[in-house]
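Here the sequence shown is numbered in my numbering, starting from 112 and rising by one per residue.
Beta carbons are placed, not taken as given, at the ideal position from N, Cα and C, and that holds for glycine.
Below you'll find the structure, written out as structure tokens, and then a few comments.
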Amino acid sequence: MRLRIILAGAMLTMGGCEAGNDNQSAEKDGPTATLAIAGPTAPPTDCSKLPDFVPLYADARVETCVAGPGGEPHRESGTVVYTTGATPDAIIAWYRDKAALDGLVPASATPTLFSARDGSKRSITAMVEAARGATKVTLNWGWDV
Numbered sequence: 112m113r114l115r116i117i118l119a120g121a122m123l124t125m126g127g128c129e130a131g132n133d134n135q136s137a138e139k140d141g142p143t144a145t146l147a148i149a150g151p152t153a154p155p156t157d158c159s160k161l162p163d164f165v166p167l168y169a170d171a172r173v174e175t176c177v178a179g180p181g182g183e184p185h186r187e188s189g190t191v192v193y194t195t196g197a198t199p200d201a202i203i204a205w206y207r208d209k210a211a212l213d214g215l216v217p218a219s220a221t222p223t224l225f226s227a228r229d230g231s232k233r234s235i236t237a238m239v240e241a242a243r244g245a246t247k248v249t250l251n252w253g254w255d256v
């Protein structure tokens, strides 16, 4: 769902419409960029290069796994979305335990979210939601490389 929202936002941004200029011709102003999506596209799912402090639950069925440069120099960040048969409570508890073992300090915790960090060097946030008899997990992470 989040990927669809991101793609929809990108399509709106690339549409080239400005408020009050509905009647202007694109030909008069020059060519415009168009984002076309032909049929369903599969999001990236290669999680082989995740940092060691970003573990996936044992029965994780990955839907999306993306990473890239963060907003600062020498920073990398990413997002992993997966489903699991474990309960949301079990997933939050598991990430809390894993973060402690990795030396990360809890930063925020609710029944559906857990985040931890090591100063500004490493961070991870796990968000969970019940989804059709499973639990959907969204992990956001970042680290200095």
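Near Arg-243, which residues of its chain fall below 6 angstroms by C-beta distance, leaving aside the five closest residues on each side in sequence?
Cβ neighbours of Arg-243 beyond the five flanking positions: none.
Going by DSSP, which residues form a beta bridge with Tyr-193?
Answer is Val-173 and Val-248.
Given that a residue counts as buried once 16 or more other Cβ atoms are within 10 Å of its Cβ, and exposed if not, what is Leu-215?
With 16 or more other Cβ atoms within 10 Å, it is buried.
Just how far apart, CA to CA, sit Ala-197 and Ala-169?
Distance from the CA atom of Ala-197 to the CA atom of Ala-169, rounded to whole angstroms, is 10 angstroms.
Just the Cα atoms here: how many angstroms apart are Glu-187 and Val-239?
Spanning the two alpha carbons is a distance of roughly 23 angstroms.
Determine the DSSP secondary structure at Pro-61, reduced to helix, strand or coil.
Because the chain in this structure spans residues 112 to 256, residue 61 falls outside the shown range and cannot be described.
Starting from Leu-212 and walking both ways along the beta strand (DSSP E), at which residues does that stretch end?
Counting along the chain, Leu-212 falls outside any beta strand (DSSP E), though it belongs to the alpha helix (DSSP H) covering 199 to 212.
Give the straight-line distance between the Cα atoms of Ile-235 and Thr-249, rounded to the nearest whole angstrom.
Near 10 angstroms, if we compare the C-alpha coordinates of Thr-249 and Ile-235.
Status (buried if at least 16 other CB within 10 Å, exposed otherwise) for Thr-221:
So Thr-221 counts as exposed.
Can you tell me which of the three DSSP states Pro-162 falls into?
Correct three-state label for Pro-162: coil.
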